[in-house]
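These notes are about the structure you will find just below.
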Amino acid sequence: MTTSPTSRQISDPTHRPSRRSRVWPRYIPLVGVAIVFIFPLLFMFMSSLKPDAQILADVRSFRAFLPVGELSTDNYSAVFDRVPAWRFMANTIFVVAMVVGFGLIVNSMAGFALSRLQWRGRGIALSIILATLIVPFETIAVPMVWWVAKLPWIEFQDFIPTLTTGWLNTYRVQIIPFIANAFSIFLFAQYFKSIPKELDEAARVDGASWFTIYRKIIVPLSGPAFATVAILTFLPVWNSFLWPIMVVQQEALRPVQVGVQYFFQLETAWGEVMAYTSFITIPVLLFFLVFQRAFVSSIASAGVKG
Amino acid sequence: MLTAIRPHRPASTEERTGWVMVAPAAILFALFLITPVILTLILSVTNVRLISPNPPSFQGVDNFVRAFTADPTFLASLRNTLIFAVVIVPLQGGLGLGLALLINQKIRGINAFRTIYFVPVVTSMVVLSMLWKFIYQADGLLNSLISTVTFGALSGTDWLNNTSTALPAIIAMSAWAGVGFHMVIWLSGLQTIPESLYEAADLDGCSPWQKFAFVTWPGLRPTFVFVLVTITIAAFSLFIQPLVMTNGGPLNATVTIVLHAVNTGFSKQQTGYAAAISLIFFLLVLVVSLIQRRLTKED
Amino acid sequence: MRRNPWLGIVAGLGAVTLTLAGCGSSDGSTDDGGAGGNGGLSTLKLWYHGAGNDAERTVVEQQIADFNASQEDYEVVLESFPQASYNDSVVAAAVAGDLPCLLDMDGPIVPNWAWGGYVQPIEVDQAILDTWLPSAMGYYQDDLYAIGYWDAAIGMYARQSVLDTYDIRIPTSDDPWSGEEFEAILQTITEGGEFDYALDLGVNDVSEWYPYAFSPQLQSFGGDLIDRDTYLTAKGALNGPEALEWGNWWQGLFEKGYASTTEQDGNPEFLEGRVALQLNGNWGGVQALEEFGDDMLFLPMPDFGEGPVIGGQSWMFGISATCEHPEGANAYINFSLKDEYVADFTTALGLIPTTEAAAAMTEYYQPGGALEPFKEYSERFALIRPPTPAYSVISSVFTKAAEDIKNGADVKATLDQAVAEIDADIAANDGYGN
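Chains as they are written, first to last, in our numbering: chain A, 511 to 816; chain B, 93 to 391; chain C, 19 to 452.
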């Protein structure tokens, strides 16, 4: 490659020594793009502090993003009067924790079996699991409602097991159908593949069972994959609303997203909508803020390899 | 002797362990994905209604014929879904890569920016759609931005209520909402490219563009496949944005296949027909996925 | 080897599951059977759409508390749902065979549910029915399936001062505006330029509002959603000459700039003085009176040929077919149909009371009350939406057709397609028992 000295002069300073003096212009595009991504949420949060009439008026100008006018936390107190928000939050946290927790176990085992073990039917199993990625939940919701209402369950009443029918109106109907996840299995399988096979073989020679290899070798080496899957399965469960509307009738078992529906009355109280949506969004943002470094680096090292 | 025994014994425990470890996931899939899909398959050839005292009857391919011959909304949903997918895949994929390149620098506070770009990804799509409905409305934020920036020379339209802008508005909003995720994926791909390759390119005196074309892009190939497949599948399932922002209007401009299936199955209670629409959808996505797989595997 | 932190988390989760899932399922199971064992007390679950609306819920809770205290056989237990997704919740429960004993339904859906076998006829004392507003009762094929504590009515919101400015005559029930007169009024106000739009229709609310608020004009023109003689076809009714005339008029409202094709949620335009006239229900009346006081008028709808027409039927209560204690559920319904509760609902919601005695107890609907015109409109002009099981489809097809025509679709082609869809659905369901 024939190179002109000019191209080196251009590329060099941005990458090398004298960057201190020239670093601030690099923030300009970063800040510009940041504004694009943050403004709707800024609008949500600012609106949650304003009375309804002002929200509807401010939405026509940049006042929508500014803490101007009559600010108060009235909307928040109204929200807690209208909706059992803390109860909903507890339900959601519980359901999300269950789905993520069991999902990590079930899907990582499947990912292990599909990536590191040789067995007949593996190819077909992998194809079927990947094919399920194309089924959006909404399209099978109706048969699913009918079906979960017919499923049996064992309940312990005074320590005596009794067989009951129907999963509606429970926590389990919000949890169990979402534990197995093709995308998670895929990510685990990809990550496990990158761990050297020799480790397994050495352990086999030492007499370790395959299950021991999974538990003692593969899992401890796969922290980033577990972190990635945890975050990616956390989000859809936190945000699910169609399914709970259909299968959860008791107010005491409803998750946070159903609470949004409470505010669309004859006269929608927009301030309260904004306060409630802030209430259910901010925990996720904080969670992400705390774990974002781990998340990005874990995806990076989980090395998404097609 | 040794060679005769060795492949035998381990293979059988390996076989058994394989089945056992995949079993929990397999059972859950069988119960909560495959069964409903089979039910959908059966429903699609019947006239089952959500609420009806009549016994269901077998209709053969009637539902499928109806979709393609007597249901203009279905045809519109097919068209919109394809347009959406064809536009958003390169748009969101490309913007994601652009952001990843932008964010892949070692300067102070870069993590904060990375987090901000990711914020829409972690926010509920229902909430985002509601917010954008405000932004897009005739006297909303977008239009006041347009007239401010152009000093009143230009004024925007009623974005979501105009047949020629409604779908583009939903596309733009969806790309905005999802791009952070693919930025992180691209970023992870970028970080797997060894620094030594860039140093070698520097020594050869490559321009930044040449470095991108000959080092970065080839190194991103596996990431590219992953991004392509995930955006495509998500694109076909488009549902919440039109549900909240337009309900498929105006004049079917934003109706999508999944939205149409849900409306048909729930509001109109035509379970059998909705199942047929879902089935057509599965086949479409399957075919597109297989084509993508083939295309990306060949080179 | 280092222990993976995730395993610890997962193990912890397992322990929590056992505790929380335990209480979740026991919550769910006690009210499943319907007949609890509390000293012979049978539990009757009641589903209601008022979650998030405190005023409304308070009245229902009062009814239930009074009923539970009044006798010792049954205990009614309330479960409230948010209205925005109530129908989805109930339909899903019906599919799953998991309906409660008592539930409330939107009136026009009642025939669909009765035909589907999900609700059973209710038994209400004739003495009560004699005093009750007919449009608050849900009949299907001569059986009463549901009854409500209120009805709603639509009127034309206007201000005396505005009408005076433009020299517009104040219409009465006996002498409403004619179609031509209304057209001229809209034109005059639009040309006046004082308002953003002459008329606010609430078209942003794409839901049951469309058939409820807009199909009555179709009927006033002489068309309808379906042929009410046979309930077997929409042909002629929804795409005949009168229906086309309605469609052209409807489209013209937007084309001529009389009304906006998009409005703000919550429709604040009238109260802010940005529109001159508003099509609105009586539930908004109190707020409008607070804003404009004596200047506020609630006018009858125009007569487009067949007299003014408005929609009838609102939410009603009924008993599911699977209810194990229909006598208890009927006892509750009869108990709850008291004038004072009707008056309480009216006060909480601003809706029309279903008896004269209840009306007399309320500030706004007593003789001479500020909202009394709505009561008259309801009694004189209300036409219930077609009481046929096909209504669930008719409603969604009409909503889409009206919205498409609003947005500029070809009127004839759109109505023909709507008729084709409705007729195909009726045929696919063997005429829905008609």
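Where is the CB? At the ideal position from N, CA and C, for every residue including glycine.
Using CA atoms only, rank isn't needed, just tell me which of the options is closest to residue i.
| i | options | result |
| --- | --- | --- |
| TRP251 of chain B | B:GLN283, B:TYR209 and B:PRO342 | B:PRO342 |
| TYR230 of chain C | C:ASP169, C:ASP161 and C:GLU198 | C:ASP169 |
| LEU500 of chain A | A:ALA567, A:VAL800, A:THR787 and A:PHE805 | For residue 500 of chain A there is no data in the structure shown, the boundaries of chain A being 511 and 816. |
| ALA306 of chain C | C:PHE288, C:GLY241 and C:ILE186 | C:PHE288 |
| THR346 of chain B | B:ALA177, B:VAL276 and B:ILE372 | B:ALA177 |
| THR642 of chain A | B:ASN344, B:ALA115 and B:LEU125 | B:LEU125 |
| GLU141 of chain C | C:LEU121, C:ALA164 and C:MET123 | C:ALA164 |
| PRO703 of chain A | A:THR672, A:LEU627 and A:PRO687 | Checking the displayed sequence, the identity of residue 703 of chain A turns out to be Lys instead of Pro. Cα-wise, what sits closest to LYS703 of chain A is A:LEU627. |
| ASN172 of chain B | B:ILE202, B:MET217 and B:ALA261 | B:ALA261 |
| PRO189 of chain C | C:PHE316, C:TRP65 and C:ALA112 | C:PHE316 |
| THR232 of chain C | C:GLU439, C:SER413 and C:ILE444 | Looking at the sequence provided, one finds Phe at residue 232 of chain C rather than Thr. Nearest of C:GLU439, C:SER413 and C:ILE444 to PHE232 of chain C, Cα basis: C:SER413. |
| ASN196 of chain B | A:ILE695, A:LEU763, A:VAL729 and A:TYR537 | A:TYR537 |
| GLN159 of chain C | C:ASP448, C:ILE423, C:VAL415 and C:PRO404 | C:PRO404 |
Kindly say whether residue i, judged by its beta-carbon, lies nearer than 9 Å to any beta-carbon of chain A.
| i | result |
| --- | --- |
| LEU252 of chain B | no |
| ARG386 of chain B | no |
| PRO116 of chain B | yes |
| PHE166 of chain B | no |
| ASP443 of chain C | no |
Determine the burial state of residue i: buried for a count of at least 16 other Cβ atoms within 10 Å of its Cβ, exposed for fewer.
| i | result |
| --- | --- |
| ASP668 of chain A | exposed |
| TRP629 of chain A | buried |
| VAL747 of chain A | buried |
| VAL546 of chain A | exposed |
| LYS198 of chain B | exposed |
| GLY46 of chain C | Unreliable placement is indicated for GLY46 of chain C, whose pLDDT of 36 sits below 50; the coordinate value is still reported in the next sentence. Burial call: buried. |
| PRO662 of chain A | exposed |
| GLY32 of chain C | Residue confidence is low: GLY32 of chain C scores 43 on pLDDT, short of 50, so the model does not pin down where it sits. No coordinate-derived value is stated. |
| ILE175 of chain B | exposed |
| GLY281 of chain B | buried |
Determine the direct distance from the alpha carbon of residue j to that of residue i, and round the result to whole angstroms.
| i | j | result |
| --- | --- | --- |
| SER587 of chain A | ASP106 of chain C | 29 Å |
| PHE751 of chain A | VAL219 of chain B | 11 Å |
| PHE590 of chain A | TRP720 of chain A | 51 Å |
| ILE186 of chain C | VAL766 of chain A | 51 Å |
| GLY297 of chain B | ILE323 of chain B | 36 Å |
| LEU133 of chain B | GLN229 of chain B | 40 Å |
| PRO194 of chain C | PRO318 of chain C | 6 Å |
| GLN237 of chain C | PHE399 of chain C | 11 Å |
| GLU345 of chain C | ASN352 of chain C | 10 Å |
| ALA204 of chain B | ILE664 of chain A | 48 Å |
| MET334 of chain C | ASP122 of chain C | 5 Å |
| ALA445 of chain C | TRP268 of chain C | 29 Å |
| ASP321 of chain C | GLN361 of chain B | 35 Å |
| LEU246 of chain B | ALA635 of chain A | 57 Å |
| GLN101 of chain C | PHE318 of chain B | 41 Å |
| ASN585 of chain A | LYS560 of chain A | 8 Å |
| LEU673 of chain A | PHE666 of chain A | 9 Å |
So that I know if they touch, is there some Cβ in chain C lying closer than 9 Å to that of residue i?
| i | result |
| --- | --- |
| MET756 of chain A | yes |
| VAL794 of chain A | no |
| VAL593 of chain A | yes |
| GLN760 of chain A | yes |
For chain B, check one thing: does any of its Cβ atoms lie closer than 9 Å to the Cβ of residue i?
| i | result |
| --- | --- |
| TYR817 of chain A | Outside the shown range of chain A, which is 511 to 816, sits residue 817 of chain A, and nothing can be said about it. |
| VAL747 of chain A | no |
| LEU678 of chain A | no |
Is it the case that the CB of residue i approaches a heavy atom of the ligand HEM more closely than 8 Å?
| i | result |
| --- | --- |
| PHE702 of chain A | Within the structure as shown, the ligand HEM is missing, as the structure has no ligands at all. |
### Residues of the region 394-413 of chain C whose Cβ lies closer than 9 Å to any Cβ of chain A, in chain order
none
### Query
Going along the chain, which residues of the region 320-347 of chain B sit with their C-beta nearer than 7 Å to a C-beta in chain C?
ASN339, GLY341, PRO342 and LEU343
### Message
Against chain B, which members of the region 265-291 of chain C pass a CB distance test of less than 9 Å?
### Response
SER278, THR279, THR280, GLN282 and ASP283
### Message
By the 7 Å beta-carbon criterion, what residues does the region 93-127 of chain C contribute toward chain B?
### Response
ASP106, VAL109, ALA112 and VAL113
### Query
Taking Cβ-Cβ distances below 8 Å as the criterion, which residues of the region 217-228 of chain C are in contact with chain A?
none
### Message
Short of 7 Å Cβ to Cβ, which residues in the region 657-669 of chain A face chain C?
### Response
ALA659 and GLU665
### Task
Give, in chain order, every residue of the region 715-739 of chain A whose Cβ lies closer than 8 Å to some Cβ of chain B.
SER719, TRP720, PHE721 and TYR724
### Query
What are the residues of the region 125-159 of chain B that lie near chain C, defined by any Cβ-Cβ distance shorter than 7 Å?
ASN139, ARG141, LEU142, ILE143, SER144, PRO145 and ASN146
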